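Trainee: Below you'll find the structure I mean.
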Amino acid sequence: MDKVVASAASAVADVRDGASVAVGGFGLSGVPNVLIDAVHASGVSGLSVVSNNCGAMDSGLAVLLSAGRISRVTGSYIGGNQEFARQYLGGELELELIPQGTLAERLRAGGAGIPAFYTPAGVGTQVADGGLPWRYDGEGGVAVASPPKEVRVFDGTEYVLEHSIRTDFALVRAAKGDRHGNLVFNRSARNFNPLAAMAGRITVAEVEELVEPGAIDPDQVHLPGIFVQRVVALTPEQAADKKVEKRTITERERTA
Numbered sequence: 041m042d043k044v045v046a047s048a049a050s051a052v053a054d055v056r057d058g059a060s061v062a063v064g065g066f067g068l069s070g071v072p073n074v075l076i077d078a079v080h081a082s083g084v085s086g087l088s089v090v091s092n093n094c095g096a097m098d099s100g101l102a103v104l105l106s107a108g109r110i111s112r113v114t115g116s117y118i119g120g121n122q123e124f125a126r127q128y129l130g131g132e133l134e135l136e137l138i139p140q141g142t143l144a145e146r147l148r149a150g151g152a153g154i155p156a157f158y159t160p161a162g163v164g165t166q167v168a169d170g171g172l173p174w175r176y177d178g179e180g181g182v183a184v185a186s187p188p189k190e191v192r193v194f195d196g197t198e199y200v201l202e203h204s205i206r207t208d209f210a211l212v213r214a215a216k217g218d219r220h221g222n223l224v225f226n227r228s229a230r231n232f233n234p235l236a237a238m239a240g241r242i243t244v245a246e247v248e249e250l251v252e253p254g255a256i257d258p259d260q261v262h263l264p265g266i267f268v269q270r271v272v273a274l275t276p277e278q279a280a281d282k283k284v285e286k287r288t289i290t291e292r293e294r295t296a
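Now the structure itself:
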């Protein structure tokens, strides 16, 4: 039952070239940076990544992206990641853009054993009709486009069929975890981390605080340990290393 491994490197040692990996995080919040750095150090490439976004500020998945280790991304947001946009438009990687809520449900469904589901999101757009550019040819043309999806009518409303997502591995970050793999996430880090963890056949969690079994109130567990196979305890320095993507400062009015 003790799922704690000695290091991040040993926790991801069996990630091979071409593996599919679901990665938690929302922007810079709750990103498993230590595990991602360990994957980068291992030298694997050709990874198929499922994540809301693909890193920012040269951290998170941006480390693997800039090194050319990612061949395909399934996600919802490119944002201000200029290297991501450059590789996509240049035909260097394949990108499946899907609505954010659909991405979340596809991950959750994969972990719940549900093969597919119907959703109204995307009906009447290229998400359902097909034709979204998955890969460019490097010269402005589309090399690979998304196929059309099945659309059915329920109670007079159209719904598009979306398939669930299962990946070889999942990498997540939790605020607290015990040796059995029960995890607690902090605020917006809870958005995609539990869902990514559910989708992975082998899920590795880096935890900012490692506690003994029984120290977490069962009612406070956000993800039960049945979904987690390996736990990596972060050092205090690693746990405290959190970046701010955009800092906004408002000047206070001077008083007479």
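Heads up: the sequence shown begins at 41 in my numbering, then just goes up one per residue. Idealized CB from N, CA, C, for every residue including glycine. No experiment lies behind these values; they were computed from the predicted model shown.
(1) Quick check: the region 229 to 238 against the region 180 to 189, are at least 3 beta-carbon pairs closer than 8 angstroms?
(2) Given R230, which residues of its chain have a CB within under 8 angstroms of its CB, disregarding the five upstream and five downstream residues?
(3) Alpha helix (DSSP H) containing F225: first to last residue?
(4) In chain order, what residues of the same chain lie with their CB nearer than 8 angstroms to the CB of D77, ignoring the 5 residues before and after it?
(5) Between the alpha carbons of F66 and V167, how many angstroms are there, rounded?
(6) At which residue ranges does the region 141 to 183 contain complete alpha helix (DSSP H) runs of 4 or more residues, listed in the order of the chain?
(7) Can the beta-carbon of V163 be found closer than 9 angstroms to that of G217?
(8) Go ahead and label Q127 buried or exposed: buried means 16 or more other beta carbons lie within 10 angstroms of its beta carbon, across all protein chains shown.
(9) Give the C-beta separation of S82 and V63 to the nearest angstrom, bearing in mind that I take them to be a contact with Cβ-Cβ under 8 angstroms.
(10) For P187 and F209, I'd like the C-alpha separation in whole angstroms.
(11) Take Y199 as the anchor and find which of K43, P160, N92, V272 has the nearest alpha-carbon.
(12) Quick one: Cα of L68 to Cα of A144, how far?
(13) Whole angstroms are fine: how far does the CA of D42 sit from the CA of N222?
(14) For the region 193 to 270, which segments carrying the beta strand (DSSP E) assignment without a break, of at least 3 residues, lie completely within its bounds, in sequence order?
(15) What's the C-alpha gap between A215 and V84?
(16) Relative to the alpha-carbon of G58, which residue among G100, V79, E136, R287 has its alpha-carbon at the smallest distance?
(17) Please return the same chain residues whose Cβ sits closer than 6 angstroms to the Cβ of L211, not counting the five positions on each side in sequence.
(18) Give the range of the alpha helix (DSSP H) segment to which A280 is assigned.
(19) Can you tell me which residues form a DSSP beta bridge with L135?
(20) With a cut-off of 8 angstroms on the beta carbons, I'd call S88 and S111 a contact; round off their distance for me.
(21) L68 by DSSP, collapsed to three states: which one?
(22) To which residues does DSSP link A62 through a beta bridge?
(23) Count the other CB atoms, across all protein chains shown, that sit within 10 Å of the CB of L201; report buried if there are 16 or more and exposed otherwise.
(24) Using 10 angstroms around the beta-carbon of F194, count the other beta-carbons present and answer buried if the total reaches 16, otherwise exposed.
Mentor: This is what the structure holds:
(1) no
(2) G70, H262
(3) No alpha helix (DSSP H) holds F225; DSSP gives it neither H nor E.
(4) Cβ within range, chain order: A48, V103.
(5) 22 angstroms
(6) 166 to 169
(7) Here V163 is not near G217, since their CB atoms are 9 angstroms or more apart.
(8) buried
(9) A Cβ-Cβ separation of about 15 angstroms leaves S82 out of contact with V63 under the 8 angstroms criterion.
(10) 26 angstroms
(11) P160
(12) 17 angstroms
(13) Going by the C-alpha atoms only, they are around 11 angstroms apart.
(14) 197 to 203, 207 to 218, 240 to 251
(15) 27 angstroms
(16) V79
(17) V63, P72, L75, V244
(18) A280 -> alpha helix (DSSP H) spans 276 to 280.
(19) V113
(20) 6 angstroms
(21) coil
(22) V90, A210
(23) exposed
(24) The residue is exposed, with fewer than 16 neighbouring Cβ atoms inside 10 Å.
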